[in-house]
Each structure stands twice: as C-alpha cells, then as structure tokens.
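Following: one structure in structure tokens, then a few remarks.
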Amino acid sequence: MREEIFDLRLRVESAQDAVASGKGTLSEGERQLTQLKVFTAQSAASGPGISVKIEGAFDERALSDLVNELRNAGAEAISVNEMRVGPRSYFTPAPSAIAVDGRSLRGPWMIRAIGSPEVIYVAMTRTGGIIGQFELIYARTRFSVSKESALDLPALATTLR
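The numbering of the sequence shown is this note's numbering, which starts it at 85 and goes up by one.
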C-alpha cells in the first residue's frame, strides 16, 4: 500500500515537472493529483462499485480482512457505515462495537467500495472467497453482496500524517 502511494506521488510530481517544463498538460497533472487524493481518501469519491451488508456478529479482524480484500480486488475507495477508510485506517475492538480509526461503529455493517462492480463482486463471492469463509466462521451472521451503479463516499474525516 505504501509503495502504491509512493508511486502515485512520484507520478504526480513527474506530471507537475512536465507541466512546469512545458512538456505535459495541466489536466494530466490534475488527473493524477485527483487520483492520489481519492486513493488516500483525502477527497470524496463517486462511481460504480459494490455494497456488502453484514447483519450479526462480526469482529475487527474480519472487518480489516474484508477491507484489505476489497483493496486487493481493485477498490479505489471504501467506506464502513458511511465512514471513509483510507490506507492508514485501523480497526480495533470496542465495547459492543468496532472502532475504526478510533471511532466506535456498531452493526449492522454496510461496507461500500468504488471500483469495477463485476471484478469486485466476483472476488468477494467466488467459491472459497472471503464471503464464503465468513459464512463458515460466522454461521449466524447474514452477508449480502450487491453491485451498485452509483456510490458516493465521503472524504476521510481526519487528515493523514
């Protein structure tokens, strides 16, 4: 994840240098900067994607695993119960809740991810995939995954350091 952020920052700097030297266009640099801000959750994001609804017992490790699996499947932006998560977000146990970046959230859980709905959906629901594993581990918990044509996710509530 850090390598991806570093690579995006290098590409933004390269585009800015190209614009400054007259070899690039401003729109190219702006596009890369926008991409970096979405990836690091510094700006709101919109687009197609998927929703994962979880009703029942679930813990912070499983939530972290799910978010990581969404990133691995190509999700560009992710939120948990309307709270945006970024590359440095963390999940810890809290009384009757899960703390996301130190803020307690309670189920039912709604995780939304922007990216290719087809690709992410298949990654989540394939045989032996993460949702199938969760259904075995959390037998009384209900999981539903749906493709979404339009999602709007907020920016991260805190500033990255």
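Backbone N, C-alpha and C define an ideal beta-carbon position, used for all residues, glycine too.
None of the values given here were measured: they were computed from a predicted structure.
Which of the three DSSP states is assigned to Phe227 in this structure?
Phe227 falls in the strand class under three-state DSSP.
Report yes if the C-beta distance between Gly192 and Gly133 is below 7 Å; otherwise report no.
A quick correction: the sequence has Pro, not Gly, at residue 192. No, these two residues do not count as a Cβ contact at 7 Å.
If you check the beta carbons only, do Gly159 and Ala125 fall under 7 Å apart?
In the sequence on display, residue 159 carries Ala and not Gly. No, the Cβ-Cβ distance between Ala159 and Ala125 is not below 7 Å.
Minimum C-alpha distance to Val203 - residue among Ser111, Asp236, Lys231 and Phe142:
Residue Lys231 is the option with its Cα nearest to Val203.
Helix, strand or coil for Ser111, going by three-state DSSP, please let me know.
In the structure shown, Ser111 sits in a helix (DSSP, three-state: H, G or I).
Nearer than 6 Å: is that true of the beta carbon of Ala183 relative to any heavy atom of the ligand SAM?
Of ligands this structure carries none, so the ligand SAM is not represented either.
Between the segment 171-183 and the segment 214-229, do three or more beta carbon pairs fall short of 8 Å?
Of all C-beta pairs linking the segment 171-183 to the segment 214-229, fewer than three are shorter than 8 Å, placing the two stretches out of contact.
Straight-line gap, Ser233 to Glu97 (C-alpha atoms, nearest Å):
Using only the alpha carbons, I get a separation of about 33 Å.
Please state whether the Cβ-Cβ distance between Thr176 and Glu144 is less than 7 Å.
Less than 7 Å separates the beta-carbon of Thr176 from that of Glu144.
Using the Cβ count rule (16 or more neighbours within 10 Å means buried), how would you classify Val72?
This structure leaves residue 72 out entirely; the chain is present only between 85 and 245.
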